[in-house]
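> Under my numbering, residues 2 to 151 are what the sequence shown spells out, in order.
All C-beta atoms, glycine included, are put in the ideal place defined by N, C-alpha and C.
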Amino acid sequence: MHSPRSLFGFDCLLFAGREQKHPSQRASDKLAGLATVFAQCQMENGMKNLIVALYISPNQKLDDIINFLHHSLFPYTRGGASLLRNSNNEIPMILSGDFNVTFASDKSLKLVEFLKDKLNLSMKNSPQTSTTRSCTTVDEVFTRSLISVE
Numbered sequence: 002m003h004s005p006r007s008l009f010g011f012d013c014l015l016f017a018g019r020e021q022k023h024p025s026q027r028a029s030d031k032l033a034g035l036a037t038v039f040a041q042c043q044m045e046n047g048m049k050n051l052i053v054a055l056y057i058s059p060n061q062k063l064d065d066i067i068n069f070l071h072h073s074l075f076p077y078t079r080g081g082a083s084l085l086r087n088s089n090n091e092i093p094m095i096l097s098g099d100f101n102v103t104f105a106s107d108k109s110l111k112l113v114e115f116l117k118d119k120l121n122l123s124m125k126n127s128p129q130t131s132t133t134r135s136c137t138t139v140d141e142v143f144t145r146s147l148i149s150v151e
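1) Which of helix, strand or coil does DSSP assign to I95?
2) With 16 as the cutoff for other CB atoms within 10 Å, does T37 come out buried or exposed?
3) Does DSSP put V113 in a helix, in a strand, or in coil?
4) Can you have a look at S58 and say buried or exposed, based on whether 16 or more other CB atoms are within 10 angstroms of its CB?
5) In this structure, does DSSP put K108 in helix, strand or coil?
6) Please state if the CB of L35 and the CB of G98 are separated by a distance shorter than 8 Å.
7) Taking 8 Å as the threshold (C-beta atoms), are L51 and Y77 in contact?
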């Protein structure tokens, strides 16, 4: 974790995560292509927001992606917050990035349901609307508990 800095006028803590493996396992491990960057920002009114950007390299197994996200975001689940005795599961969150999962396919439903069930995140893009030049829907935005700030 890094020291607080101003980002768009908000005080933010920035930290990054990557699937951690023993160096001898990384060379052949496809999970080395999974990464997240977090920014926890506190607004002038004291409200905290968590912004998570991620990149998942192509051809990852859906179960591996779910395990990576569960591991990375566990403190922000109901179970993680309960274990840590805090309310991190109530912090408004934006999770976005290149999932390299075709959300227009029913195969992605397991991931979408995991994000809804464990993190209370809802998909904001239409899975039928292309997000790439090659007409695929692999980039996505999920949010929870966001309120309009005027």
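Reading from the atomic positions:
1) For the purposes of this step, residue 95 is taken as the residue at position 94 of the sequence shown. Three-state result, I95: strand.
2) Within the sequence shown, residue 37 is the residue found at index 36, counting from 1. So T37 counts as buried.
3) Residue mapping note: residue 113 aligns to position 112 of the sequence shown, counting from 1. Reduced to three states, the DSSP call for V113 is helix.
4) Taking the first residue of the sequence shown as 1, we reach residue 58 at position 57. Classification of S58: exposed, given that the 10 Å Cβ count is below 16.
5) Locating residue 108 in the sequence shown gives position 107, counting from the first residue. Three-state DSSP puts K108 in a helix.
6) Residue 98 sits at position 97 when you count from the first residue of the sequence shown. Residue 35 sits at position 34 when you count from the first residue of the sequence shown. Result no, Cβ atoms of G98 and L35 do not sit closer than 8 Å.
7) Indexing the sequence shown from 1 puts residue 77 at position 76. Indexing the sequence shown from 1 puts residue 51 at position 50. Contact flag set, yes.
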